[in-house]
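Heads up: the sequence shown runs through residues 2 to 226, numbered per the numbering used here. Some notes on the structure that comes next.
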Amino acid sequence: MILNALEINKSYHNGSKVLHVLRDIDLQLEQGEIVTIMGQSGAGKTTLLNILGTLDKPDSGTVEICGQNVHTLNDEDLSSLRNNHLGFVFQFHHLLPEFTAMENVLMPSLIAGDEKDVMGRASELFKYVGMIDRKDHYPTQLSGGERLRVAVLRAIIRKPTVVLADEPTGNLDVGNADRLLNLFKKINEDFDQAFVITTHNPNVAKIGNRRYILENETLLLTDSI
Ligand SMILES: Nc1ncnc2c1ncn2[C@@H]1O[C@H](COP(=O)(O)OP(=O)(O)OP(=O)(O)O)[C@@H](O)[C@H]1O
Ligand SMILES: [Mg+2]
2 MILNALEINK SYHNGSKVLH VLRDIDLQLE QGEIVTIMGQ SGAGKTTLLN ILGTLDKPDS
62 GTVEICGQNV HTLNDEDLSS LRNNHLGFVF QFHHLLPEFT AMENVLMPSL IAGDEKDVMG
122 RASELFKYVG MIDRKDHYPT QLSGGERLRV AVLRAIIRKP TVVLADEPTG NLDVGNADRL
182 LNLFKKINED FDQAFVITTH NPNVAKIGNR RYILENETLL LTDSI
């Protein structure tokens, strides 16, 4: 098992008001699995992904990644775990504005000091998503869908064990959404990487080996999508 989340609870406090978002959520992920999570806006999808990705802490419950309980790690070990095992595609892409698309994609490898063969792989990925002629553009010179594809390449460049993707097809047209899903499937097949993908789109949810709906603070397994 590469990810094991147990009894995750999370609420937000605004003044005297408490908003419960996640209640006793369990989620296990085996190597190479694709899990999709659908849910209405505000259901807690981003909150859950942030907790699974160690970017946010639950009120209670534990997250283990590749056998390590993330709540017992110090900051250095936690960032090393993130660097080696996790890839993030954020809902709002967070590309670094002062770097080109190519530089953004190379950034995780530069940070990890692991630059061997990475340019070639990055170029292949840019070709695959139809953006090789855009690789030297800055984020402000790219469309929303192009920025998203760059964010996806940045998440997968180091072949992380798990890719956490928050609405990765959100603002893509049908053709580009299909290409992105095919890229996910190809990476999943070629490298046995696991994915947790949140989405509003039933067609995206379909690529999951397991499909959940996040509703009323809990995850419901469904095979009806
Ligand atoms: N930092 C915060 N402080 C207070 N409330 C928050 C905070 N972050 C999120 N929330 C609330 O928690 C709930 C879940 O938010 P979350 O972003 O996880 O939903 P989501 O399912 O990702 O929605 P969407 O589909 O719109 O992206 C929402 O009602 C939101 O307003
Ligand atoms: Mg969200």
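Ideal Cβ positions, reconstructed from N, Cα and C, are used throughout, including at glycine.
Between the CA atoms of residue j and residue i - distance to the nearest angstrom
| i | j | result |
| --- | --- | --- |
| L184 | L23 | 30 Å |
| C67 | A152 | 24 Å |
| M108 | L28 | 30 Å |
| T48 | G16 | 19 Å |
| K46 | N217 | 12 Å |
| D60 | K11 | 5 Å |
| T162 | L87 | 6 Å |
| G121 | A44 | 40 Å |
| H14 | N177 | 39 Å |
| L20 | L149 | 30 Å |
| T170 | V164 | 14 Å |
| D25 | L222 | 15 Å |
| D307 | L126 | Outside the displayed range of the chain (2 to 226) lies residue 307, so it cannot be described from this structure. |
| E168 | H94 | 10 Å |
Assigned exposure category for residue i - 16 Cβ within 10 Å defines buried
| i | result |
| --- | --- |
| I38 | buried |
| F89 | buried |
| V71 | buried |
| V36 | buried |
| N75 | exposed |
| G209 | buried |
| L154 | buried |
| K128 | exposed |
| E34 | buried |
| P98 | exposed |
N-terminal and C-terminal residue of the beta strand (DSSP E) that residue i is part of
| i | result |
| --- | --- |
| L165 | V163 to D167 |
| L222 | T219 to T223 |
| E77 | First-last for E77: D76 to H86, but that is the alpha helix (DSSP H), not the beta strand (DSSP E). |
| G62 | S61 to I66 |
| L215 | R211 to E216 |
Endpoints, alpha helix (DSSP H) assigned at residue i
| i | result |
| --- | --- |
| I112 | A102 to A113 |
Ranges of the beta strand (DSSP E) found wholly within the segment 5-59, counting only runs of at least 3
18-30 and 35-39
Length-filtered (3 minimum) beta strand (DSSP E) runs lying within the segment 125-205: Secondary structure within the segment 125-205: the beta strand (DSSP E) runs of 3 or more consecutive residues, fully enclosed, are 163-167 and 195-200 (chain order).
| said: Would you call the segment 110-119 in contact with the segment 131-139, where contact means no fewer than 3 C-beta pairs closer than 8 Å? | reply: As far as the Cβ criterion goes, the segment 110-119 does not touch the segment 131-139, which means the pair count is below three.
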